[in-house]
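Engineer: Take this structure first; my questions come after.
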Amino acid sequence: MQCYIKLWLTFRSSGYLPTVAIFIPELDIAAIDSKYNVRPFKQAEPSAVTGYNTVELEALDFSQYKDGLEGYESRKRLASSLEKSISTYGFFNITNWGFPSEDLEKLKSYSQAILDLPQEEKLQFLSGAMKTDLEDRSKSLGAERGHGFKPRGYWTINNGVQDSIEFYNFRDILHDGPFFIEKKYPEVAQAHLPEFASYYRYLHFNVLRRLLNLCDIILQLPEGYLWENHFKVWKGDLKMNSGSGVARLMHYLAMPVEDEEKTGGTWLRGHSDSGAFTFITSQPILSLQIRDYYTGEWKYVGHKPDSLIVNIGDAMEFLTGGYFKSSIHRVVAPPDDQRQFKRLVMIYFNNLALNTIADPTSLNSPKLRSLGFNKPEEWDTITQFQWDDEKSRLYGAKKINSKPGDEPELVKLFGRNHERWHQAEGDLRLEKLSLASV
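245 is the number that UniProt numbering gives to position 245 of the sequence shown; each next residue is one higher, with no gaps.
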C-alpha cells in the first residue's frame, strides 16, 4: 500500500492564501534529484551586443502596495502607473512581488530537470497529439491546454516551418485533492509538486489578486469586484465558475539554420494570449519582442532581474470592450553571444472563470461608460470558455500559419479577429486620460 504524507504549504510574505494541504506519495527526494541530475540552472549573461531596439516597460513596485484604507493612496498611484501600460502596450513588469528569489531559483532547477528528460520518457506524458493538426478536439484539449508535454514540432509557426519549443503544463494546480495530485507525472515532477503548487498559487492568490484591485481602481469598480466575480477559486469546481489557469515550464531549443532563414529569425510567431493575464519570469536572453502600439514596430523587452513580465490577454480586452489591450508578442533568435544558453521561462496563463461573458455588458464600469467602451455590435455574446476553446484550435495550425511574414491568416471568431493586431487610434486619446476623477 502506498504511504502518503501531508505537506503544509505556507507563504512567507503576507499573502491572501490560507495554509493549504497537499498529499503526495512518500518519496526519497534526494535520490530522485540525483537520478535526474537536478542542478542549478545557468542563466545567460546579458548580451554585449548593442543597438537593439528595446522598449522600457512600466514597472509596478509591489513593495509600495499597501492594504486597507490607509493604503488607498499608494494603490491609486500604482493603478495610475498601470493604466497607460494596459491600455496601450498591454505589457508591464512587476518588481518586489514577494516570492523568495532563492525558492524561484530552485524551481528553475527542477524545471530544467523536467524539460531535459529523455524523449522516450516525455512521450509517456504527452499533453496532446504529436502535431496540432492531428488533434481530435472532441477528446483532447490539445497541447496548448492539456496536462503534460508539448513535443517539439507540434506547431507550424511561419512559412511552413515547425517550432523548436518544448514545454510541460500543469493543470488544476490551484486545487487540492485528486484534481491535481492524482494526475500522471514524471517522477521528478511529482517529487516537487508542493514547490510548484506553492509558486503558482502565490501568483494567483497573491500577485494576481493585488493586480486585480488596481484594475478595479482603474475601472472605478469596488476593490475586490473582479476577484470575487471572475477570478476567485471555488474548491472542487473545475468546470465553469472558478478562476483557473495553466502553469507552464517552457524552453526554446536551437532552430535549424535553414528553418531560421525561412522564418526570418522568428522562433515563435506573433500572437496574443487567449486568457486574462500571463505572468512570465524575466530572464536575460534578448529574444522576447512586443509590437509597438504606436508604430507597429517590433521592440525587444529588456530584462529586470527578479521581476515578472505580465501581459494582458484577449479575455481582459473583451471584458473591457477594448480598453485593456491584448498585445501581440513573439520570440526571435537571440544575439550570437547568448545562443549557447537555453531560454527557460516559467509561465502562468490565467483565465477568467470559464462561464464569464467576454464583453463589458455585465461589468457596469463607470470608467468604460465615460470613455465610450461598449460591446461592439459585431461581437457575438460568448464566454471565456468558448473563446479559449476555439482559438486554441488555430494556434500553430498549418492552414493559417504556412505563409511568410509577420501575420498569420486572420480568422474571424465570434465577430472578432482571432489575433489582436492593434494600432493606436489617430487621436491617441489615452494621453488625455487620468485617474483624477477616481
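From the three backbone atoms N, C-alpha and C, an ideal C-beta is built for every residue, glycine too. Remember, it's a predicted structure, so these values are computed and weren't measured experimentally.
Using a Cβ-Cβ cutoff of less than 6 Å, which residues in the same chain neighbour Glu-409 once the five nearest sequence positions on both sides are dropped?
Structural biologist: The answer, listed in chain order, is Ile-400.
Engineer: Which partner residues of Gly-142 appear in the DSSP bridge assignment?
Structural biologist: DSSP output for Gly-142 lists no bridge partner at all.
Engineer: Could you check what DSSP says for Glu-56 in three-state terms: helix, strand or coil?
Structural biologist: Glu-56 falls in the coil class under three-state DSSP.
Engineer: How long is the line joining the alpha carbons of Ser-307 and Asn-93, rounded to whole angstroms?
Structural biologist: If I take the Cα positions, the gap works out to 6 Å.
Engineer: How about Ser-287 and Pro-334: are their beta carbons less than 7 Å apart?
Structural biologist: Closer than 7 Å, so yes.
Engineer: Between the C-alpha atoms of Leu-211 and Thr-356, what's the straight-line distance to the nearest angstrom?
Structural biologist: Rounded to the nearest angstrom, the two C-alpha atoms are 19 Å apart.
Engineer: Is the separation between the beta-carbon of Lys-147 and that of Ser-164 shorter than 7 Å?
Structural biologist: Reading off the sequence shown, one finds His at residue 147, where the question assumed Lys. Going by C-beta atoms, His-147 is not nearer than 7 Å to Ser-164.
Engineer: For Glu-102, count the other beta carbons within 10 Å of its own beta carbon; 16 or more makes it buried, fewer makes it exposed. Which is it?
Structural biologist: Label assigned to Glu-102: exposed.
Engineer: Let me make sure I understand the geometry here. Which of Lys-131, Lys-139, Gly-322 and Asn-158 has the alpha-carbon closest to that of Gly-372?
Structural biologist: Per the Cα distances, Gly-322.
Engineer: Taking only three categories from DSSP, how would you classify Ala-113?
Structural biologist: Correct three-state label for Ala-113: helix.
Engineer: Put Lys-412 into one of helix, strand or coil per three-state DSSP.
Structural biologist: Three-state DSSP puts Lys-412 in a strand.
Engineer: Using the Cβ count rule (16 or more neighbours within 10 Å means buried), how would you classify Leu-368?
Structural biologist: With 16 or more other Cβ atoms within 10 Å, it is buried.
Engineer: Decide if Pro-151 is buried, meaning its Cβ has at least 16 other Cβ atoms within 10 Å, or exposed.
Structural biologist: Buried, because 16 or more other Cβ atoms sit within 10 Å of the Cβ of Pro-151.
Engineer: Starting from Val-188, trace the beta strand (DSSP E) both ways and give me its first and last residue.
Structural biologist: Taken as a continuous stretch (DSSP letters only), Val-188 belongs to no beta strand (DSSP E), being part of the alpha helix (DSSP H) at 187 to 191.
Engineer: Since Pro-40 and Glu-105 are thought to touch, with beta carbons under 8 Å apart, how far apart are those beta carbons, to the nearest angstrom?
Structural biologist: That pair is a contact at about 7 Å.
Engineer: Tell me which residues share the same chain as Tyr-52 and place their Cβ nearer than 7 Å to its Cβ, disregarding the 5 neighbours each side in the sequence.
Structural biologist: Excluding residues within five positions, the ones whose Cβ falls inside 7 Å are Leu-286 and Tyr-300.
Engineer: Please report the residue range of the alpha helix (DSSP H) in which Ile-344 lies.
Structural biologist: Per the sequence shown, the amino acid found at residue 344 is Leu instead of Ile. Premise fails: Leu-344 lies in the beta strand (DSSP E), 343 to 351, not in any alpha helix (DSSP H).
Engineer: Measuring alpha carbon to alpha carbon, tell me which residue in Val-233, Ser-362 and Tyr-110 is nearest Arg-248.
Structural biologist: For Arg-248, the nearest C-alpha among the options comes from Tyr-110.
Engineer: Starting from Glu-260, trace the alpha helix (DSSP H) in both directions and tell me its first and last residue.
Structural biologist: Per DSSP, Glu-260 belongs to the alpha helix (DSSP H) from 257 to 263.
Engineer: How should Phe-99 be labelled, buried or exposed, when 16 other C-beta atoms within 10 angstroms of its C-beta is the threshold for buried?
Structural biologist: It is buried - the Cβ of Phe-99 has at least 16 other Cβ atoms within 10 Å.
Engineer: Output the boundary residues of the beta strand (DSSP E) element that contains Met-250.
Structural biologist: Residues 244 to 252.
Engineer: The beta strand (DSSP E) with Glu-45 in it runs from where to where?
Structural biologist: Neither: Glu-45 is in no beta strand (DSSP E) and is coded neither H nor E.
Engineer: Trp-155 by DSSP, collapsed to three states: which one?
Structural biologist: In the structure shown, Trp-155 sits in coil (DSSP, three-state: anything other than H, G, I, E or B).
Engineer: What residue does the beta strand (DSSP E) around Phe-91 start on, and which one ends it?
Structural biologist: Start and end: 91 to 95.
Engineer: Using only the alpha-carbon positions, how far apart do Lys-262 and Glu-407 sit?
Structural biologist: C-alpha separation (whole angstroms): 15 Å.
Engineer: Checking 7 Å against the spacing of the C-beta atoms, do Ala-358 and Ile-382 come in under that value?
Structural biologist: Going by C-beta atoms, Ala-358 is nearer than 7 Å to Ile-382.
Engineer: Give me the residue from Met-346, Asp-216 and Asp-259 with the minimum Cα distance to Val-332.
Structural biologist: Answer by Cα proximity: Asp-259.
Engineer: Whole angstroms are fine: how far does the CA of Phe-125 sit from the CA of Tyr-395?
Structural biologist: Taking the straight line joining both Cα atoms gives about 21 Å.
Engineer: Throw me the rounded Cβ distance for the Tyr-168 and Gly-245 pair, which I believe falls under 8 Å.
Structural biologist: 15 Å between Cβ atoms; not a contact.
Engineer: Is Gly-236 helix, strand or coil by DSSP?
Structural biologist: Coil.
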